[in-house]
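Residue numbers (our numbering): 13 to 145.
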């Protein structure tokens with residue numbers, strides 16, 4: 013009798029939704045901090061956009077780091093699903109905040125950068141217990 017082939021691990025959507033929500037909330041907090049900080053300076057829209065970018069990169073990377081540490085199973089597969097979820101929830105900005113479709117499509121690259129940096133940082137806090145899963 014031949015041994016059973018290894019079963020592909022099931023994707024658990026609960027942790028993915030949790031982490032997408034976490035990163036979304038962290039980016040809202042980052043945007044709020046940037047808005048409050050830029051309101052007092054009156055240095056123009058470019059200053060505000062840089063503050064938003066820096067806060068979203070920082071808080072997004074923090075979110076991906078936390079997500080990677082909490083990831084069940086393969087952290088990189090989990091982070092890719094979370095990154096896709098974060099990108100898709102960015103459609104909210106297209107509908108309600110007036111962000112263009114082109115800018116939303118390009119945000120995929122920024123999300124990927126946050127995902128990779130956050131995933132790499134996570135190894136300082138949690139090593140893979142079973143890297144093959």
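Beta carbons are placed, not taken as given, at the ideal position from N, Cα and C, and that holds for glycine.
Here the structure is a predicted model, which means the values were calculated and not measured.
### Message
If you follow the alpha helix (DSSP H) that residue 63 is in, where does it begin and where does it stop?
### Response
As a first step, residue 63 is located in the chain shown; it is residue number 51 there, counting from the start. Element bounds for residue 63: 57-82.
#### Entry: Buried versus exposed, by CB contacts within 10 Å (16 or more), residue 103
Within the chain shown, residue 103 is the residue found at index 91, counting from 1. Residue 103 is exposed by the Cβ-count criterion.
### Query
residue 40: which of 94, 69, 92 sits nearest, CA to CA?
Locating residue 40 in the chain shown gives position 28, counting from the first residue. In terms of Cα proximity to residue 40, the closest of 94, 69, 92 is 69.
### Query
Helix, strand or coil: which one does DSSP assign to residue 97?
Here residue 97 refers to the residue found at position 85 of the chain shown. It is helical.
### Query
How about residue 126 and residue 76: are their beta carbons less than 8 Å apart?
Locating residue 126 in the chain shown gives position 114, counting from the first residue. Locating residue 76 in the chain shown gives position 64, counting from the first residue. Against a cut-off of 8 Å, the Cβ pair of residue 76 and residue 126 comes out as a contact.
### Query
Counting along the chain, where does the alpha helix (DSSP H) carrying residue 108 start and finish?
Residue 108 sits at position 96 when you count from the first residue of the chain shown. First-last of the alpha helix (DSSP H) with residue 108: 103-108.
### Query
Roughly how many angstroms separate the alpha carbons of residue 35 and residue 98, rounded to a whole number?
Locating residue 35 in the chain shown gives position 23, where the first residue counts as 1. Locating residue 98 in the chain shown gives position 86, where the first residue counts as 1. Note on geometry: alpha-carbon atoms of residue 35 and residue 98 lie some 7 Å from one another.
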